[in-house]
Amino acid sequence: MELTNKTAIITGAGSGIGRRTALLFAQEGAHVIASDITDAVDETAALAPDKITAVKGDAGDEASVKALVDRAVADHGGLDIFFANAGISGGFDGIFDQGVEEWESILRVNLIGVFLAIKYGGQAIVETSKANGNRGGSLIATASVAGLRSGAGGPAYTASKAGVVNLVKIAAQQLTGSNVRCNAICPGLIETGMTSFIYETARAKGREVTVGQLNPMQRGGEADEIAEAALFLASDRSSYVNGHALVVDGGLSTSHPYNRQTFGKTAV
């Protein structure tokens, strides 16, 4: 097992990518602190109660994130991995039509949430590493192909994910000498609660097979495929991967064919 006796925090663990990653980490031997703003995180923990502890919390709230890290350290004696996965998508209106409130709410979770994970989780991981022969640790953030170029989400969402891509690079530099790595994952179209409207629209029209056809792989991705990427970045297999945005999109980011007028309204 790749994460034996490691302690990991995962936010946004109530469903989708977060839930699948929590289960995978647990299977690989980690003690997992699974957090979500909804009660669904209890369902995640119930799937592996000996390995996963559910903690309800707000990924964009400083006190909540600090308490989450403190809980991990108190319960398990340290922290090795923080997967900042919580995120919200917002709407697809153009810049002229989006309000400041929407931008603030999206940036709060998607970008400030990652900052808080790095600030508090990073410090705990560095201290844990020092106490264990400088064995290292891993900070991971969920970004998106939308953070690499425009056309795969609304303006606020896209900007927030671009910020995540750059933030992990900043953190990697500022963690120099600690043996703690910081990377991002950039998923493409993955079937989760956030993208359910695309899949539901397609199913309602009897056109589910068309989902992901603009992707070179000609299919959407699965949460388990992102969980495997997170495991790679959390484990020693990625010991020389740092400050990187790992794209897991089946080739979608080679070109973004979506546009604001049709994205989210059609299933092809």
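Under the working numbering, the first residue of the sequence shown is numbered 2, with each subsequent residue one higher.
Yeah, the Cβ is synthetic: ideal placement off N, Cα and C, and Gly gets one too.
Rounded straight-line distance, which links the Cα of residue j to that of residue i
{"i": "residue 252", "j": "residue 121", "result": "34 Å"}
{"i": "residue 4", "j": "residue 112", "result": "27 Å"}
{"i": "residue 180", "j": "residue 244", "result": "12 Å"}
{"i": "residue 269", "j": "residue 216", "result": "The predicted position of residue 269 is uncertain, since its pLDDT is 38 and thus under 50; no value can be drawn from it."}
{"i": "residue 239", "j": "residue 223", "result": "22 Å"}
{"i": "residue 140", "j": "residue 170", "result": "11 Å"}
{"i": "residue 130", "j": "residue 150", "result": "35 Å"}
{"i": "residue 162", "j": "residue 136", "result": "29 Å"}
{"i": "residue 73", "j": "residue 63", "result": "16 Å"}
{"i": "residue 16", "j": "residue 46", "result": "11 Å"}
{"i": "residue 172", "j": "residue 144", "result": "15 Å"}
{"i": "residue 254", "j": "residue 248", "result": "8 Å"}
{"i": "residue 174", "j": "residue 100", "result": "34 Å"}
{"i": "residue 93", "j": "residue 38", "result": "23 Å"}
{"i": "residue 142", "j": "residue 125", "result": "16 Å"}
{"i": "residue 154", "j": "residue 82", "result": "28 Å"}
{"i": "residue 241", "j": "residue 119", "result": "19 Å"}
{"i": "residue 95", "j": "residue 76", "result": "45 Å"}
{"i": "residue 176", "j": "residue 44", "result": "35 Å"}
{"i": "residue 234", "j": "residue 246", "result": "11 Å"}
{"i": "residue 1", "j": "residue 107", "result": "There is simply no residue 1 to check, as the chain begins at 2 and stops at 269 in what is shown."}
{"i": "residue 102", "j": "residue 9", "result": "32 Å"}
{"i": "residue 88", "j": "residue 68", "result": "19 Å"}
{"i": "residue 90", "j": "residue 80", "result": "29 Å"}
{"i": "residue 128", "j": "residue 11", "result": "19 Å"}
Three-state secondary structure assigned by DSSP to residue i
{"i": "residue 237", "result": "helix"}
{"i": "residue 179", "result": "coil"}
{"i": "residue 139", "result": "strand"}
{"i": "residue 56", "result": "strand"}
{"i": "residue 231", "result": "helix"}
{"i": "residue 76", "result": "helix"}
{"i": "residue 250", "result": "coil"}
{"i": "residue 1", "result": "Since the first residue shown for the chain is 2 and the last is 269, residue 1 is missing from the structure and cannot be characterised."}
{"i": "residue 43", "result": "helix"}
{"i": "residue 68", "result": "helix"}
{"i": "residue 116", "result": "helix"}
{"i": "residue 243", "result": "coil"}
{"i": "residue 99", "result": "coil"}
{"i": "residue 151", "result": "coil"}
Supposed close pair residue i, residue j - CB separation, criterion 8 Å
{"i": "residue 187", "j": "residue 148", "result": "6 Å"}
{"i": "residue 27", "j": "residue 33", "result": "5 Å"}
{"i": "residue 1", "j": "residue 23", "result": "Because the chain spans 2 through 269 in this model, residue 1 falls outside it and cannot be assessed."}
{"i": "residue 98", "j": "residue 189", "result": "Going by Cβ atoms, the distance from residue 98 to residue 189 rounds to 26 Å, so no, they are not a contact pair."}
Residues bridged to residue i (per DSSP)
{"i": "residue 22", "result": "Partner(s): none; residue 22 has no beta bridge."}
{"i": "residue 184", "result": "141"}
{"i": "residue 36", "result": "12, 56"}
{"i": "residue 222", "result": "191"}
{"i": "residue 85", "result": "142"}
| Hey, is the region 227-238 in contact with the region 6-23, meaning 3+ C-beta pairs nearer than 8 Å? | yes
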